[in-house]
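J.:
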Amino acid sequence: MTDDADGGGWASLFSGGKDSSWALYRALERGLPVERLVTVHPEGDSYMYHVPATRLAGLAAESIGIPLVEVEPDDFAAGETTDSGAQGDAELEPLEAALDDLADDLPGGLAGVTAGAVESEYQTFRIEAMAERLDAEVFAPLWQRDPRELADAMLAAGFEIRIIRVAAGGLDESWLGRTLDAAALDELEALNEKYGVHILGEGGEFETLVTDGPHMERAIELEYETEWDGTRGTLKIEDARLA
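Residues in the sequence shown are numbered from 9 upward in steps of one, following our numbering.
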């Protein structure tokens, strides 16, 4: 992993959630020339990617002012497997193909990609291997950082983070649509001690959408209902627009 670029453009692996948004924000702060955002739209559950509300990445990209490349479900390799490693490798193939195509479009080629992984070796090792095959660097500013310190830094920078899915003990329907603020982080720390809930939700305990931040010109406004099955739930987005 690197903090530097030697020429060419950068692509930000971007879901619209807090971790990928923070990686993008930190890359822009460092002056890395991020030329594209790349969003994968997985079909169903995914080992590699943030799943809910990725369709809102287009609104976020418009607010950020960086063109968006979208990788659609039809681009994924056919077939199913119960082996998590094989599925992760298969899920990576369409992203790698999209980045390979992008390298041909960018002046100077693809210099690197940003990634929002914190502790997941499953994701990070695959992204690093992919980047090596593409002769690109990886900028992963969240990697192995303290989760609470990262969350506090996001809030201090002005990120507005909304929880859009929950799937863990201790997280009930009241968390859906909740803003991730200091009070919520305190509660998540307590849930971490009691249930092992990751403070940043990296184990899939919850998913987020960044609705505003210093890298965005306009906030995302949402209208939604909640869907709850008794143990997990998600926001059903009925309307989304830029303020």
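Here a beta-carbon is modelled for each residue, glycine too, at the ideal position from N, C-alpha and C. Given the structure is predicted, the values throughout are model-derived calculations rather than measurements.
1. Is the beta carbon of W30 sitting closer than 8 Å to the one on L150?
2. Can the beta-carbon of Y33 be found less than 8 Å from the beta-carbon of A190?
3. Please give me, in chain order, every unbroken run of the alpha helix (DSSP H) with length at least 4 that falls completely inside the stretch 102-172.
4. Answer yes or no: do Q122 and V79 have a C-beta to C-beta separation smaller than 8 Å?
5. Identify the residues that DSSP records as bridge partners of G212: which are they?
6. Please classify A86: is it buried, with 16 or more other beta-carbons within 10 angstroms of its beta-carbon, or exposed?
7. Which residues bound the beta strand (DSSP E) around A248?
8. Excluding the five sequence neighbours on either side, which residues of its own chain have a C-beta within less than 6 Å of the C-beta of G211, listed in chain order?
9. According to DSSP, A19 sits in a beta bridge with which residue or residues?
10. Using the three-state DSSP reduction, which class does E266 fall into: helix, strand or coil?
11. Use the C-beta contact count for G17: other C-beta atoms within 10 angstroms, 16 or more gives buried, fewer gives exposed.
12. Taking only the alpha-carbon atoms, compute the straight-line gap between T173 and L67 and give it to the nearest angstrom.
13. I'd like to confirm the pairing. Which residues does DSSP put opposite L253 in its beta bridges?
14. Starting from L230, follow its DSSP beta bridges and name the residues at the other end.
15. Measure the Cβ-Cβ separation of R153 and L193 and say whether it is below 8 Å.
16. Would A251 be called buried (16 or more neighbouring beta carbons within 10 Å of its own) or exposed?
17. To the nearest angstrom, how far is the alpha carbon of E145 from that of I207?
18. To the nearest angstrom, how far is the alpha carbon of E213 from that of A176?
19. Cutting at 8 Å between CB atoms, please list the residues of its own chain near E231, excluding the five before and the five after it.
20. Taking the beta carbon of R141 as the centre, do at least 16 other beta carbons fall within 10 Å, making it buried, or is it exposed?
21. Assign E195 to one of three DSSP states: helix, strand, or coil.
T.: Reading from the atomic positions:
1. The count along the sequence shown starts at 1 and reaches residue 30 at position 22. The count along the sequence shown starts at 1 and reaches residue 150 at position 142. Contact flag set, yes.
2. As a first step, residue 33 must be located in the sequence shown, where it is residue number 25. As a first step, residue 190 must be located in the sequence shown, where it is residue number 182. Not a contact, by the Cβ cut-off of 8 Å.
3. 129-141, 155-165
4. Sequence index remark: in the sequence shown, residue 122 carries index 114 (1-based). Sequence index remark: in the sequence shown, residue 79 carries index 71 (1-based). Here the sequence assigns Thr to residue 122, which means Gln is not the residue at that position. It is not a contact, given that the beta carbons lie outside the stated cut-off.
5. By one-based count along the sequence shown, residue 212 stands at place 204. None, per the DSSP bridge assignment.
6. Here residue 86 corresponds to residue number 78 of the sequence shown, with the count starting at 1. Because the pLDDT at A86 is just 45, under 50, the model does not fix this residue reliably, and the point stays unresolved.
7. Numbered from its first residue, the sequence shown carries residue 248 at position 240. 241-250 is the span of the beta strand (DSSP E), which, as asked, contains A248.
8. The residue labelled residue 211 in the question sits at position 203 within the sequence shown. Within the same chain, G211 has no close Cβ partners at all.
9. For the purposes of this step, residue 19 is taken as the residue at position 11 of the sequence shown. Partner(s): R44, V121.
10. A question about residue 266 goes unanswered here, because the residues of the chain that appear run from 9 up to 251.
11. In the sequence shown, residue 17 corresponds to position 9, counting from 1. Burial call: buried.
12. For the purposes of this step, residue 173 is taken as residue 165 along the sequence shown, with counting starting at 1. For the purposes of this step, residue 67 is taken as residue 59 along the sequence shown, with counting starting at 1. Reading off the sequence, residue 173 comes out as Arg, not Thr. Looking at the two C-alpha atoms, the distance is approximately 19 Å.
13. With the chain running from 9 to 251 in the structure shown, residue 253 is simply not present.
14. For the purposes of this step, residue 230 is taken as residue 222 along the sequence shown, with counting starting at 1. A248, per the DSSP bridge assignment.
15. Here the question's residue 153 lines up with position 145 in the sequence shown. Here the question's residue 193 lines up with position 185 in the sequence shown. No. Outside cutoff.
16. By 1-based counting over the sequence shown, the position of residue 251 is 243. Under this definition A251 is an exposed residue.
17. Start at 1 with the first residue of the sequence shown, and residue 145 comes out as number 137. Start at 1 with the first residue of the sequence shown, and residue 207 comes out as number 199. Cα to Cα, E145 sits roughly 28 Å from I207.
18. Taking the first residue of the sequence shown as position 1, residue 213 is located at position 205. Taking the first residue of the sequence shown as position 1, residue 176 is located at position 168. So the alpha carbons of these two residues sit roughly 5 Å apart.
19. For the purposes of this step, residue 231 is taken as residue 223 along the sequence shown, with counting starting at 1. Around E231: I245, E246, D247, A248.
20. Here residue 141 refers to the residue found at position 133 of the sequence shown. With fewer than 16 Cβ atoms within 10 Å of its Cβ, R141 is classed as exposed.
21. As a working note, residue 195 is residue 187 in the sequence shown. If DSSP states are grouped into helix, strand and coil, E195 belongs with the helices.
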